[in-house]
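In our numbering, each residue carries its 1-based index in the sequence shown increased by 123.
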Amino acid sequence: MLPKRSGFEVLDHIRKYSKVPVILLTARGQETDKVRGLRGGADDYVTKPFGLQELFARIDAVMRRSEATAAAKVVCEDDLIKLDPSTREASARNQRLKLSPKEFDLLMYLFKNKERVVPRDELLSRVWNYRVDLNLNSRTVDTHVTRLRRKLQKAVGTDAAVIVAVAKIGYRYLGEATSAA
Numbered sequence: 124m125l126p127k128r129s130g131f132e133v134l135d136h137i138r139k140y141s142k143v144p145v146i147l148l149t150a151r152g153q154e155t156d157k158v159r160g161l162r163g164g165a166d167d168y169v170t171k172p173f174g175l176q177e178l179f180a181r182i183d184a185v186m187r188r189s190e191a192t193a194a195a196k197v198v199c200e201d202d203l204i205k206l207d208p209s210t211r212e213a214s215a216r217n218q219r220l221k222l223s224p225k226e227f228d229l230l231m232y233l234f235k236n237k238e239r240v241v242p243r244d245e246l247l248s249r250v251w252n253y254r255v256d257l258n259l260n261s262r263t264v265d266t267h268v269t270r271l272r273r274k275l276q277k278a279v280g281t282d283a284a285v286i287v288a289v290a291k292i293g294y295r296y297l298g299e300a301t302s303a304a
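Spelled out as structure tokens, the structure:
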């Protein structure tokens, strides 16, 4: 139960200002309520009782749909690279990059977060869909970043750093080639 407002009112308010994914969790199980929620803009409608595993699976599904829809619409570009999620093509200084699907996803994620250092755990979670609570000590991120750096440096034609490592934390996309210090 929400104080002073119904879930439908909260949903209406959210939809006026945002396209953020919304899952309604409710005891209202009538078909008319479900239809009202879904037509009102909810991405999913879950009635009590529900299991946590089902809820987590529904959250994952909504997030996948949301990310795929958002990614397909936006071409990411700066002075150095251009990434087109709908065709999964990448280029650096107008030279096409031959990236594996995971390298493309990694570069896209770093590009979208270029204003900050992205921790390895976050990359494992968001790019590889690994559960970070497993305390993995995986070098897969480092291996993929190394390959990605080589491809970018070859396309740019310099040894300059495009993706930099921040010791014991993660990586940052610079958006421009700078001399490695």
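Cβ atoms here follow ideal geometry from the backbone N, Cα and C, with glycine treated the same way.
Inset, instruction - Tell me the start and end of each unbroken alpha helix (DSSP H) in the stretch 143-185 that is at least 4 residues and wholly inside, in chain order. - result: Qualifying alpha helix (DSSP H) stretches, in chain order: 154-162.
Legend entry - Limits of the unbroken alpha helix (DSSP H) element including aspartate 207: Where aspartate 207 is concerned, there is no enclosing alpha helix (DSSP H), although the beta strand (DSSP E) it sits in stretches over 204-207.
Legend entry - Same chain, Cβ closer than 6 Å to leucine 150, neighbours up to 5 away in sequence not counted: Checking the sequence shown, residue 150 turns out to be alanine, not leucine. Around alanine 150: Lys171.
Inset, instruction - Sort Ser248, Met231 and Thr155 by Cα distance to leucine 297 and report the nearest one. - result: Cα-wise, what sits closest to leucine 297 is Met231.
Inset, instruction - Report the partner residues of leucine 247 according to the DSSP bridge assignment. - result: Beta-bridge pairing links leucine 247 to no other residue.
Inset, instruction - Spell out a yes or no on whether the stretch 270-282 and the stretch 242-253 are touching, meaning 3 or more CB-CB pairs, one atom from each, closer than 8 Å. - result: Counting Cβ pairs under 8 Å, fewer than three are found: no touch.
Legend entry - proline 224 - DSSP class collapsed to helix/strand/coil: In the structure shown, proline 224 adopts helical secondary structure according to DSSP, grouped into three states.
Legend entry - Presumed contact (8 Å Cβ cut-off) between arginine 219 and glutamate 226, rounded CB distance: Going by Cβ atoms, the distance from arginine 219 to glutamate 226 rounds to 13 Å, so no, they are not a contact pair.
Legend entry - Three or more C-beta pairs below 8 Å linking the stretch 174-187 and the stretch 233-243: Fewer than three Cβ pairs drawn from the stretch 174-187 and the stretch 233-243 lie within less than 8 Å of each other, which leaves the two stretches out of contact.
Inset, instruction - Rounded to whole angstroms, what's the CA-CA distance from aspartate 166 to proline 144? Just pull it up for me. - result: Spanning the two alpha carbons is a distance of roughly 6 Å.
Legend entry - Same chain only: Cβ atoms within 6 Å of serine 189, ignoring 5 sequence neighbours per side: Only Pro144 meet the Cβ criterion.
Inset, instruction - Compare the beta carbon distance of valine 264 and arginine 295 with 8 Å and say whether it is the shorter of the two. - result: No, these two residues do not count as a Cβ contact at 8 Å.
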